[in-house]
Amino acid sequence: MDIFSKTRCALAVLLASVSISVNAQDRVTIVDRPAIGSSDNYTAFRAPLSGGRLLKLPVGAVRPQGWLREVLLRQRDGLNGQLGTVSAWLDKQGNQWLSDQGDHGWEEVPYWLRGYCSLAYILDDDALKQEAQTWFEGVLTHLKADGFLGPRNTSGGRPEVWAQMIMLWALQTYYEYSGDERVLTAMTNYMKWELSVDDSQFLEDYWENKRGGDNEWSVIWLYNRTGNEELLPLIEKLHRNTSDWTLTRDLPNWHGVNVAQGFREPATYYVLTGDEQMLQHAYDNHFWMRERYGQVPGGMFGADENAREGYSDPRQGAETCAIVEQMASDEIMLSITGDPFWADHLEDVAFNTLPAALTADMRALRYITSPNMTISDGRLHGPSIDNDLRGMLSMSPFSSRCCQHNHGMGWPYLTEHLVMATGDDGLAAMVYLASETTAKVADGRTVRLTMDTHYPFEENIQLTIHTEEPVEFPLYMRIPAWAKEAPKAPLSSPEGDTIELLLNGAPLSIEAPSGAVGGAFTSGAVGGALSSGAVGGASFAYIKRTWHSGDVVTLRLPMTFSTRTWQANKSSVSVDYGPLTLSLRIDERYVERDSRDHEIVQDDSHWQAGVDASLWPAYEIFADSPWNYALEMGDDGLPLGLSVSRREWPSDNYPFTPDAVPLTFTAKGRQVPSWGMDATGMTAFLPTRFAARSAESQPLQLVPMGAARLRITAFPKADVNKEMDDCY
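Listed below in structure tokens is the structure:
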């Protein structure tokens, strides 16, 4: 199966899943993307800008429920929420962002603040909001006379503005919450300063040069709110001085975080120019990185620090910064293109990769997380991983200055994008997590949309409309690409193998697909086509009707087993169940360590004075059960003995641990005795097809990938005689 586009049923599978309703009004159209329009309720993309098919609601409009709320509460009580009392980089005394004479704070303050303030506003937590306000007041009261914002750092005598790019994002969130006009003034003056800098002195430092697209996105955000056309040339200037992300089958840089951020820069530039080739470059960058270094499950790619020739095995991992930056890029690409492919990819990373990058209490994280990861310790592992420092794999409150401060935006930003506004004054349900959204629709009416589900651990999603009086508006519901696949195995539930869509218990009739409501997008991408709309087969169910309070839409997305074969990685195979990828369950032995011990943590750890280090331990995790298994595959392309069992929902509402996850799976496998650890103590490369498999078949336990801090997710095959490897 091609890794970029899974084999899909004809749309008739979806159409056949519903019956004709007796109410002629209650019908559904399948569309590729939402309509383009100029929303009367939310800030849309002003002319002459292109894009903006989906509009992010203001922070706080979407309130999480269910397991996502539990995750955010743990984040509040964990490292992100408490980092201001722990990290020396956030010490207010002498901080560059609070004083003109400060000597520390650089990227760490805005990295931390943008996730922290989003968390504060989403949870409506007074203590967190007050702390965030302290920092925003400091920023807004220490502006420079020439418009410069924040600490003046120089590199080679040139102004360095990478940290400012991050702070702009934090200020945007603060403005959405507060409406504080000082933000618009400060951002406008700062961007005028940027315009005044000669190109020879602009974006010449390493990080800012690779990540100028972040700054471009802030210019677009500001222009959409002020309409100040003086700012538009800055997008051109930023594009001109940023690394060239429009290369053909190549990238200007292989640092993992730079790729996760920088790949979308051409799409951001497309917003100004309307040149669809720029949009195409962003898609090509995404697929090209995965073709070369991302033939692995979990949505990411192998770039332990930098992607390297010969190191594309699934034991290579992604920096936690890269994980959350990729999610943010997916969200921006959603807004620009309206392509539900980016929501599919966002889910892949969020459900399968991000949870395992942190401990369950979210008080420690690791720098690198891999699809195949059988040890999480503090020792040196170079050159098996590119960053040859201690603490690259251990769980620690100080797992690098960048990830330590930056990880906090992942879950809050996802929350902000669960439901988005559309240009035709409707709403689009993008990611099906339990939540309550308060938003304006047609005629400025306010509605509440509650989403009840345990997705992605169950198949049913229930959306309920609450409105004071009947109101007509369009509702879009994403149909993931995986849900339109032909079932390969019997379902665990008895309802059948087809998608169901009901309104108040009655099935809805579906009209023939008409492409995107606002016009089709046609293009091609490296490794997978973007033909006639969304890439990869995802789509939307579009309902426009007069809604009454209490109307309930029920969507059932039947979860089936499927597999992906990663041909460039010795034809290893991974197993999916709906949006969840499955990993071997490995008994995990946690060893608590002192997080001040530089034998197991990075040496850029800096504590504030008086911190009780015993409250912030580090952990090494070791495997206490065998892990070197190959899967036995059947003629149907699925592992032998594959089955699913459901357990009670966890009492603490947190499903991302092996003991609590509500879905467990079994399969059959055989050990590969020669597959072990390499000379550096790292999980060795996948074995070739010539490596002997044991004669004895064994039952294996599998769990969702996000619940496994140690895991094998890309498996060798036990029976390789039927299919030859392409690569060794």
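Number 105 in numbering that gives the first Met the number 0 belongs to position 106 of the sequence shown; there are no gaps in the numbering.
Think of the CB as a built atom: it goes at the ideal place given N, C-alpha and C, for glycine as much as any other residue.
Of the residues Gly104, Ser369 and His404, the one whose Cα lies closest to the Cα of Val295 is Ser369. By the criterion of a C-beta distance shorter than 8 Å, Asp198 is surrounded in its chain by Lys236, Arg239 and Asn240, once the five residues flanking it on both sides are discounted.
Straight-line spacing of the CA atoms in Ala717 and Ile585 works out to 19 Å.
In the DSSP assignment, the residues bridged to Ala617 are Arg592. Assignment of Gln700 by DSSP, reduced to helix, strand and coil, places it in the strand class.
DSSP places Gln607 outside both helix and strand once states are collapsed to three, so it counts as coil.
Counting the other Cβ atoms within 10 Å of the Cβ of Leu148 gives 16 or more, which makes it buried. Put simply, the region 369-383 touches the region 678-693. At least three CB pairs are less than 8 Å apart. A direct Cα-to-Cα measurement between Val574 and Thr712 gives close to 8 Å. For Glu346, the enclosing alpha helix (DSSP H) covers residues Phe340 to Asn351. The DSSP-derived three-state label of His404 is helix.
Restricting attention to beta strand (DSSP E) runs no shorter than 3 residues, the region 535-600 encloses them at 538-546, 551-555, 560-565, 571-576, 579-583 and 587-592, ordered along the chain. Taking C-alpha positions only, Asn152 is separated from Ala355 by approximately 35 Å. Segment contact: the region 159-179 against the region 103-114, three or more CB-CB distances shorter than 8 Å; contact assigned. Listed as beta-bridge partners of Asp451 by DSSP are Gln461. Arg389 and Arg365 have their C-alpha atoms roughly 11 Å apart. The beta carbons of Thr437 and Arg447 sit about 5 Å from each other, so the pair counts as a contact at 8 Å. With contacts defined as CB atoms closer than 8 Å, Gly50 and Ile335 qualify as a contacting pair. If you look at Met632, you'll find it isn't in any beta strand (DSSP E); DSSP assigns it neither H nor E. In the three-state DSSP reduction, Lys716 falls in the strand class (E or B). Cβ neighbours of Glu457 within its own chain (closer than 7 Å, five residues either side excluded): none. Beta-bridge pairing by DSSP links Ile374 to Phe621. Annotated three-state conformation of Tyr475 is strand, per DSSP.
Comparing alpha carbon positions, the residue from Met332, Asp312, Asn305 and Pro313 closest to Ala321 is Asn305. Using a Cβ-Cβ distance cut-off of 8 Å, the region 618-630 and the region 583-599 are in contact, since at least three pairs of beta carbons, one from each stretch, lie closer than that value.
Shown here, Met394 sits in a strand according to DSSP, grouped into three states. In the structure shown, Ser49 adopts coil according to DSSP, grouped into three states. DSSP, read as helix, strand or coil, puts Tyr41 in coil. Counting only the Cα atoms, Val270 lies some 16 Å from Lys55.
According to the DSSP secondary-structure assignment, Val418 is paired through a beta bridge with Ala428. Here Thr84 carries a helix assignment [DSSP, helix/strand/coil]. Ranked by how close their Cα comes to the Cα of Glu318, the residues Arg400, Asn188 and Leu413 have Arg400 in first place. Under the three-state reduction of DSSP, Val58 is assigned to coil, being neither helix nor strand.
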